[in-house]
Amino acid sequence: MVSAVQPASTLRRRAAVAALLRDRGDLLVVAGLGSPAYDLHAAGDSDANFYLWGAMGSAALIGLGLAQAQPARKVLALTGDGEQLMGLGGLATIAVAKPANLVVAVIDNGHFGETGMQPSHTGRGIDLAAVAAACGFAETHKARDLGAVHALCAGLHRPAAGPRLFVIEVAAENPPRSLPPRDAVYQKNRFRARLGLPVS
Amino acid sequence: MNKRTQAPPDAEPVAAARWPDDVYRVLKAARVGHMSYVPDAGHARLIELFHADSGAIVNVLTTEEEGIALAAGAWLGGQRSVLLMQSSGVGNCINTLSLATVGRFPLLMLVTMRGEWAEFNPWQVPMGTGTAAALAAVGVRSLRAETPAALVETVASAAALAYEADQQIAVLFAQRLLGAKKW
Numbered sequence: 001m002v003s004a005v006q007p008a009s010t011l012r013r014r015a016a017v018a019a020l021l022r023d024r025g026d027l028l029v030v031a032g033l034g035s036p037a038y039d040l041h042a043a044g045d046s047d048a049n050f051y052l053w054g055a056m057g058s059a060a061l062i063g064l065g066l067a068q069a070q071p072a073r074k075v076l077a078l079t080g081d082g083e084q085l086m087g088l089g090g091l092a093t094i095a096v097a098k099p100a101n102l103v104v105a106v107i108d109n110g111h112f113g114e115t116g117m118q119p120s121h122t123g124r125g126i127d128l129a130a131v132a133a134a135c136g137f138a139e140t141h142k143a144r145d146l147g148a149v150h151a152l153c154a155g156l157h158r159p160a161a162g163p164r165l166f167v168i169e170v171a172a173e174n175p176p177r178s179l180p181p182r183d184a185v186y187q188k189n190r191f192r193a194r195l196g197l198p199v200s
Numbered sequence: 201m202n203k204r205t206q207a208p209p210d211a212e213p214v215a216a217a218r219w220p221d222d223v224y225r226v227l228k229a230a231r232v233g234h235m236s237y238v239p240d241a242g243h244a245r246l247i248e249l250f251h252a253d254s255g256a257i258v259n260v261l262t263t264e265e266e267g268i269a270l271a272a273g274a275w276l277g278g279q280r281s282v283l284l285m286q287s288s289g290v291g292n293c294i295n296t297l298s299l300a301t302v303g304r305f306p307l308l309m310l311v312t313m314r315g316e317w318a319e320f321n322p323w324q325v326p327m328g329t330g331t332a333a334a335l336a337a338v339g340v341r342s343l344r345a346e347t348p349a350a351l352v353e354t355v356a357s358a359a360a361l362a363y364e365a366d367q368q369i370a371v372l373f374a375q376r377l378l379g380a381k382k383w
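Quick note, the sequences are listed as chains A and B, same order.
Everything in the first sequence is counted per this note's numbering, starting at 1 for the first residue and increasing by one.
Everything in the second sequence is counted per this note's numbering, starting at 201 for the first residue and increasing by one.
What follows is the structure, given as structure tokens:
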């Protein structure tokens with residue numbers, strides 16, 4: 001699953017995530033720790049967002065559990081290349097579970113952006129869309145410019161045959177942090193309240 | 201904690217034991233509708249029961265910590281999830297357990313023990329010896345059961361602690377209860 005390394009993307013991550021979430025409607029969103037969480041927060045805080053500050057590797061699997069518990073809702077797991085590489089086996093678990101209402105979107109800058117911008121495995125040629133396709137995801141898509149992200153956004157709410165994985169290739173940059181709440185109990189309670197569930 | 205001396209001297213082979221069916225009934229009574237697992241021979245019957253249950257969502261995992269995330273996601277969406285593994289898998293969960301403890305997410309882990317009783321495989325011993333201590337070190341309580349009767353009662357109690365009192369609980373199934381692995 002190693003492909004030729006392409007020239008670096010010039011897509012800005014904040015613009016890409018804002019474009020993906022335009023008209024998000026009743027979408028439920030889980031964001032992985034670090035930049036994906038900051039990107040989601042910058043795009044607009046919501047009770048229907050759950051942000052991780054740790055438990056690296058978990059975003060897509062939290063998305064799976066949520067998608068299974070809420071089959072009538074669309075769920076987006078927003079993660080980074082570093083986190084999804086740590087949870088590579090999770091792609092197999094998701095593919096086997098076949099949730100048609102789950103989209104995993106990897107904001108792929110090819111680097112570990114939080115820790116000094118060391119090149120990651122995707123930056124060295126590992127292709128997460130190809131890995132997901134090999135696992136049996138119903139659809140995989142790549143985007144490297146805003147037009148392609150707009151197309152993904154348009155398809156986000158349509159029915160799918162199974163889980164989908166989007167790889168959104170972005171520039172390696174650290175925009176000013178947009179910090180979501182760190183209190184996971186608070187996040188959990190407001191998320192469940194949004195769904196009409198008891199909060200204690 | 202029960203003493204090992206309370207275990208039956210001639211525990212039945214796993215396949216003939218009735219306790220997995222009792223544990224399944226206890227979990228259903230606790231309205232657990234979501235289960236994930238990395239298999240263990242000691243959990244085989246319980247896994248079979250959940251797979252046969254059209255009212256339950258079941259996930260097979262590539263590694264145990266996936267189940268911590270799944271349980272949190274299921275709870276966010278209103279489902280009660282249970283996670284099955286053997287003691288070696290507890291080591292894989294340690295950092296991910298921060299999600300459950302920091303978020304006070306209900307978590308019920310059913311852990312079949314290895315490395316502590318009539319164990320033939322030395323590689324199972326270190327994690328089997330450290331299971332409860334490793335869980336305690338990151339804030340997860342473990343309740344240990346040595347007999348079938350105690351096990352069923354302990355799972356029921358742990359389910360209440362998890363889903364009603366927002367606790368993170370592992371029930372450790374003593375290896376003596378499970379019977380020696382046939383090799």
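Each residue gets a CB set at the ideal place from its N, CA and C atoms; glycine is no exception.
Open item on the list: Spatial neighbours of ASN295(B) within its chain, please: C-beta separation below 7 Å, excluding the five flanking residues on both sides.
Closed with: none
- [ ] Starting from the Cα of LEU20(A), find the closest Cα among ILE62(A), ALA77(A), GLY34(A), ALA60(A) and give me that residue.
- [x] ALA77(A)
- [ ] Closer than 7 Å, Cβ to Cβ, to anything on chain B: give me those residues from the region 93–126 of chain A, in chain order.
- [x] THR93, VAL96, ALA97
- [ ] Use the C-beta contact count for LYS203(B): other C-beta atoms within 10 angstroms, 16 or more gives buried, fewer gives exposed.
- [x] Because LYS203(B) sits at a pLDDT of 44, beneath the cut-off of 50, its placement in the model cannot be relied upon, and the following sentence gives the value as read from the coordinates. LYS203(B) comes out exposed.
Open item on the list: Only counting the same chain, and skipping five residues up and downstream in sequence, which positions put a Cβ closer than 6 Å to that of HIS41(A)?
Closed with: SER178, PRO180
Task: Nearest-angstrom Cα separation, counted from ARG192(A) out to ALA350(B) - done: 34 Å
Task: Residues of the region 34–57 of chain A whose Cβ lies closer than 9 Å to any Cβ of chain B, in chain order - done: PHE50, LEU52, TRP53, GLY54, ALA55, MET56, GLY57
Task: Interface positions of the region 167–198 of chain A facing chain B (Cβ-Cβ less than 7 Å), listed along the chain - done: ALA184, VAL185, LYS188, PHE191, ARG192, LEU195, LEU197
Open item on the list: Just to confirm before moving on: does the CB-CB distance between ALA59(A) and GLU83(A) stay below 8 Å?
Closed with: yes
TODO: Assign PHE250(B) to one of three DSSP states: helix, strand, or coil.
DONE: Helix, per DSSP.
Open item on the list: So, does the region 319–335 of chain B touch the region 260–276 of chain B, judging by three or more C-beta pairs under 8 Å?
Closed with: no
TODO: Measuring only between beta-carbons, confirm whether ILE257(B) sits less than 8 Å from chain A.
DONE: yes
Task: chain A contact residues for GLN279(B), given Cβ-Cβ distances below 8 Å - done: GLY65, GLN68, ALA69
TODO: Report the partner residues of ILE107(A) according to the DSSP bridge assignment.
DONE: GLY80(A), ILE168(A)
- [ ] Grab me the residues of LEU246(B)'s own chain with a C-beta within less than 8 Å of its C-beta, minus the 5 sequence neighbours each way, in chain order.
- [x] PRO220, VAL223, TYR224, LEU284, LEU310
Open item on the list: Using CA atoms only, rank isn't needed, just tell me which of ALA362(B), ALA217(B), THR301(B), THR331(B) is closest to SER288(B).
Closed with: Of the candidates ALA362(B), ALA217(B), THR301(B), THR331(B), the one whose C-alpha sits nearest the C-alpha of SER288(B) is THR331(B).
Open item on the list: For TYR38(A), count the other beta carbons within 10 Å of its own beta carbon; 16 or more makes it buried, fewer makes it exposed. Which is it?
Closed with: Classification for TYR38(A): buried.
TODO: Compare the C-beta of GLU266(B) against all C-beta atoms of chain A and say whether one is closer than 8 Å.
DONE: yes
Task: Beta-carbon proximity of SER35(A) to ALA171(A), cut-off 8 Å - done: no
Task: 8 Å CB neighbourhood of ARG164(A) in its chain, flanking five on each side removed - done: Counting only residues of its own chain and dropping the five nearest sequence neighbours on each side, ARG164(A) has a CB closer than 8 Å to the CB of LEU102, VAL103, VAL104, PHE137, ALA138, GLU139, THR140, HIS141.
- [ ] Drop a sphere of 10 angstroms on the beta-carbon of LYS98(A), count the other beta-carbons inside from all chains shown, and report buried for 16 or more, exposed for fewer.
- [x] exposed
TODO: Tell me whether ILE126(A) sits in a helix, a strand or coil according to DSSP, three-state version.
DONE: strand
Open item on the list: My parser needs the beta strand (DSSP E) runs of 3 or more residues fully inside the region 306–346 of chain B; what are they?
Closed with: 307–312, 341–345
Task: Contact list for the region 82–93 of chain A against chain B, Cβ threshold 8 Å - done: GLY87, GLY89, GLY90, ALA92, THR93
Open item on the list: Please state whether the Cβ-Cβ distance between ASP240(B) and THR347(B) is less than 8 Å.
Closed with: no
Task: Minimum Cβ-Cβ distance from SER357(B) to chain A less than 8 Å - done: Chain A contact via Cβ: absent.
TODO: Give the single residue among ARG182(A), PHE50(A), VAL75(A) whose Cα lies nearest to the Cα of PRO159(A).
DONE: Comparing Cα positions, the closest option is VAL75(A).
TODO: Please report the Cβ distance between ILE257(B) and GLN68(A), rounded to the nearest whole angstrom; I am assuming they are in contact, meaning their Cβ atoms lie under 8 Å.
DONE: 5 Å
Open item on the list: If you follow the alpha helix (DSSP H) that VAL223(B) is in, where does it begin and where does it stop?
Closed with: 219–229
Task: THR301(B) vs VAL355(B) beta-carbon contact at 8 Å - done: Inclusion of THR301(B) and VAL355(B) in the CB contact set at 8 Å is not warranted, their separation being larger than that value.
TODO: Determine the chain A residues that contact VAL260(B) at a beta-carbon separation under 8 Å, and present them in chain order.
DONE: Those within 8 Å of VAL260(B) in chain A are THR93, VAL96.
Task: Backbone CA spacing between ALA374(B) and ASP47(A) [nearest angstrom] - done: 42 Å
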